[in-house]
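Okay, so here's the structure we're looking at.
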Amino acid sequence: MAKIINGKEVSEKIRLRIAEEVKDLAAKGIVPGLAVILVGDDPASQVYVRNKKRACEQAGIYSESYELPGNTSQEELLALIDKLNNDPKINGILAQLPLPSHIDEETVINRISPDKDVDAFHPVNVGKIMIGNYDFLPCTPAGVMALLAESGVDCAGKECVVVGRSNIVGKPQAMLLLHNHGTVTICHSRTKNLAEVTRRADILIAAVGKPDFITAEMVKPGAVVIDVGINRKADGKLTGDVDFASVEPVASYITPVPGGVGPMTITMLLQNTLKSAKKANNIS
Ligand code: L34
224 MAKIINGKEV SEKIRLRIAE EVKDLAAKGI VPGLAVILVG DDPASQVYVR
274 NKKRACEQAG IYSESYELPG NTSQEELLAL IDKLNNDPKI NGILAQLPLP
324 SHIDEETVIN RISPDKDVDA FHPVNVGKIM IGNYDFLPCT PAGVMALLAE
374 SGVDCAGKEC VVVGRSNIVG KPQAMLLLHN HGTVTICHSR TKNLAEVTRR
424 ADILIAAVGK PDFITAEMVK PGAVVIDVGI NRKADGKLTG DVDFASVEPV
474 ASYITPVPGG VGPMTITMLL QNTLKSAKKA NNIS
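Count along the sequence shown starting at 1, add 223, and that's the number in my numbering.
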């Protein structure tokens, strides 16, 4: 029987600390500000953006949200980003992904000022993470590291296997595990004998985007299993990349979906926005 890592509970704890710091800043006349841009009406993105707005409110962070129609042009979106880059009320800018197919995500990410890039997707911030001297950590991988730390799981010397190689999760996740002294393997769709590799993992991170992809046979008994996936089944229910029912009895720790990594992604966004506001005001 695995211990369930409760991402909601860990999130609440960290968000209280953030709210305290925001209050201290407010006493100095500083209010951190986040702008969230959503283009189109993808229902999942709408839920995530709503959760982000609510989390800002609860933490005392000022937020603006721009819900733009699906036919918004790239030029219009870039013009909005330029405006927000120059707005002193705004410390963080986030363009919710995925963007509609007529908009080039890389162009949009590159346009956000690295100083306000609270997603840490801009090449300048990605490069800083590679070197290990960063301002912002990407929210989802940072959320995973915070869950591990809060659960008392030490990565040093451990076999860490990341399944998935996206720019948003897999690649930066591997780098953060490496910074924490893990021995890191990244698996992907061309990996041979995947189950053999995942079975080596002391810490297994699933970020594939395929429902219930990681099954018990792929998990070493006693492994720590972190499920980054969030998939919607036909009946509308959420499920992760891990087949929770079969893996839970094998693992030592496991995160649920929902209520695992998802809330932590938002918590790390609040943390980055706070950090950005402090940096803009020369507060360490
Ligand atoms: N730019 N795009 C940008 N930054 C991000 O950090 C994201 N991501 C991912 C998608 N696109 C992005 C998110 O915000 C995924 N993501 C995200 C955020 C919040 C939640 C899940 C994914 C979340 O709140 N999850 C809840 C359940 C929500 C529900 O009911 O659908 C949970 O408990 O997992």
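We put the CB at the ideal spot given by N, CA and C, even for glycine.
Assign residue i to one of two classes, buried (16 or more other C-beta atoms within 10 Å of its C-beta) or exposed (fewer than that).
{"i": "residue 240", "result": "exposed"}
{"i": "residue 491", "result": "buried"}
{"i": "residue 478", "result": "buried"}
{"i": "residue 286", "result": "buried"}
{"i": "residue 472", "result": "exposed"}
{"i": "residue 277", "result": "exposed"}
{"i": "residue 379", "result": "exposed"}
{"i": "residue 488", "result": "buried"}
{"i": "residue 244", "result": "buried"}
{"i": "residue 375", "result": "exposed"}
{"i": "residue 238", "result": "buried"}
{"i": "residue 311", "result": "exposed"}
{"i": "residue 413", "result": "exposed"}
{"i": "residue 321", "result": "exposed"}
{"i": "residue 346", "result": "exposed"}
{"i": "residue 335", "result": "buried"}
{"i": "residue 266", "result": "exposed"}
{"i": "residue 292", "result": "exposed"}
{"i": "residue 342", "result": "buried"}
{"i": "residue 384", "result": "buried"}
Quick one: measure Cβ to Cβ for residue i and residue j, integer angstroms, because I've assumed they're closer than 8 angstroms.
{"i": "residue 495", "j": "residue 362", "result": "7 angstroms"}
{"i": "residue 264", "j": "residue 297", "result": "The Cβ separation is near 18 angstroms, so there is no contact."}
{"i": "residue 250", "j": "residue 283", "result": "So it is not a contact: roughly 11 angstroms between Cβ atoms."}
{"i": "residue 450", "j": "residue 480", "result": "5 angstroms"}
{"i": "residue 315", "j": "residue 484", "result": "20 angstroms between Cβ atoms; not a contact."}
{"i": "residue 306", "j": "residue 486", "result": "About 30 angstroms; that fails the 8 angstroms criterion."}
{"i": "residue 368", "j": "residue 398", "result": "With 8 angstroms as the limit, residue 368 and residue 398 do not qualify as a contact, their Cβ atoms being about 11 angstroms apart."}
{"i": "residue 476", "j": "residue 226", "result": "5 angstroms"}
{"i": "residue 358", "j": "residue 502", "result": "7 angstroms"}
{"i": "residue 504", "j": "residue 313", "result": "About 13 angstroms; that fails the 8 angstroms criterion."}
{"i": "residue 446", "j": "residue 424", "result": "6 angstroms"}
Between the options, which has its C-alpha nearest residue i's C-alpha?
{"i": "residue 340", "options": "291, 451, 493", "result": "493"}
{"i": "residue 426", "options": "229, 434, 401, 435", "result": "401"}
{"i": "residue 224", "options": "448, 486, 498, 406", "result": "448"}
{"i": "residue 303", "options": "284, 332, 324", "result": "332"}
{"i": "residue 393", "options": "404, 408, 346", "result": "408"}
{"i": "residue 319", "options": "257, 282, 353, 368", "result": "257"}
{"i": "residue 295", "options": "418, 283, 261", "result": "261"}
{"i": "residue 308", "options": "337, 323, 502", "result": "337"}
{"i": "residue 273", "options": "259, 300, 441", "result": "259"}
{"i": "residue 443", "options": "464, 457, 232, 469", "result": "469"}
{"i": "residue 344", "options": "305, 375, 485, 317", "result": "317"}
{"i": "residue 415", "options": "430, 386, 364", "result": "386"}
{"i": "residue 436", "options": "237, 453, 446", "result": "453"}
{"i": "residue 396", "options": "355, 433, 330, 252", "result": "355"}
{"i": "residue 509", "options": "255, 441, 348", "result": "The chain is shown from 224 up to 507; residue 509 falls before or after that span and cannot be answered."}
{"i": "residue 382", "options": "398, 406, 459", "result": "406"}
{"i": "residue 463", "options": "373, 429, 281, 348", "result": "429"}
{"i": "residue 348", "options": "323, 373, 390", "result": "390"}
{"i": "residue 434", "options": "418, 455, 446", "result": "455"}
{"i": "residue 229", "options": "371, 461, 424", "result": "371"}
{"i": "residue 432", "options": "422, 466, 358", "result": "466"}
{"i": "residue 360", "options": "288, 236, 505, 497", "result": "497"}
{"i": "residue 235", "options": "482, 504, 503", "result": "482"}
{"i": "residue 388", "options": "411, 377, 403", "result": "411"}
{"i": "residue 301", "options": "248, 323, 270, 330", "result": "330"}
{"i": "residue 183", "options": "324, 364, 417", "result": "The shown model of the chain, from 224 to 507, leaves out residue 183, and the question about it has no answer."}
{"i": "residue 268", "options": "248, 281, 289", "result": "289"}
Across which residues does DSSP place residue i in a beta bridge pair?
{"i": "residue 286", "result": "257"}
{"i": "residue 461", "result": "455"}
{"i": "residue 429", "result": "386, 450"}
{"i": "residue 410", "result": "386"}
{"i": "residue 227", "result": "477"}
{"i": "residue 317", "result": "259"}
{"i": "residue 291", "result": "262"}
{"i": "residue 332", "result": "Beta-bridge pairing links residue 332 to no other residue."}
{"i": "residue 354", "result": "The partner list for residue 354 (beta bridge, DSSP) is empty, contrary to what the question assumes."}
{"i": "residue 437", "result": "465"}
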